[in-house]
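Trainee:
Numbering (this note's numbering), first residue to last: 22 to 147.
Spelled out as structure tokens, the structure:
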């Protein structure tokens, strides 16, 4: 980051670990190299420090919003990660199902089927 904000990064790192798990986050950061490290740092500060770093919206609601948006985008690798994080943040299986129903209505049945496939995997592993 050209203007590295250490406080925002540390705040984001704490939230990112709380949602996605310390092991997952540390593995991602350790795998970063000179090419990808600036993005990892910026994403941690911006998405998790700035985007998740206030108390206006609770973590559970943010997770539900993320599942909806990432599902709509069809980014299933990220959807799987955030599905695990959503469970950590208290999102229930019934709520995940309802989110997928909305994805199906607004984004199409094939996308909902893909979300169900990934959610089933995550739920079976948890």
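Glycine included, every Cβ here is placed at the ideal spot set by N, Cα and C.
Taking the CB atoms as reference points, tell me whether residue 112 and residue 147 lie closer together than 7 Å.
Mentor: Contact: no.
Trainee: Which same chain residues, not among the five before or five after residue 107, have their C-beta less than 6 Å away from its C-beta?
Mentor: Same-chain partners within the cutoff: 84 and 88.
Trainee: Mark residue 78 as exposed unless 16 or more other C-beta atoms lie within 10 angstroms of its C-beta, in which case mark it buried.
Mentor: The residue in question, residue 78, is exposed, as its Cβ has fewer than 16 Cβ neighbours within 10 Å.
Trainee: Along the chain, where does the alpha helix (DSSP H) that runs through residue 102 open and close?
Mentor: Unbroken alpha helix (DSSP H) run through residue 102: 97 to 109.
Trainee: Under a three-way DSSP split, which group does residue 22 fall into?
Mentor: At residue 22 the pLDDT is 43, less than 50, meaning the model places this residue with poor confidence; the figure from the coordinates comes in the next sentence. Reduced to three states, the DSSP call for residue 22 is coil.
Trainee: Can you tell me which of 72, 122 and 81 puts its alpha carbon nearest to the alpha carbon of residue 93?
Mentor: Nearest option by C-alpha distance: 122.
Trainee: Just to confirm the assignment, what range does the alpha helix (DSSP H) spanning residue 125 have?
Mentor: Taken as a continuous stretch (DSSP letters only), the alpha helix (DSSP H) holding residue 125 covers 114 to 128.
Trainee: Could you pull out every residue in the same chain whose Cβ sits closer than 7 Å to the Cβ of residue 81, ignoring the five residues on either side in sequence?
Mentor: If we look at residue 81 and ignore the five residues flanking it on each side, its Cβ neighbours are 110, 111 and 112.
Trainee: Note the first and the last residue of the continuous alpha helix (DSSP H) segment covering residue 33.
Mentor: First-last of the alpha helix (DSSP H) with residue 33: 27 to 41.
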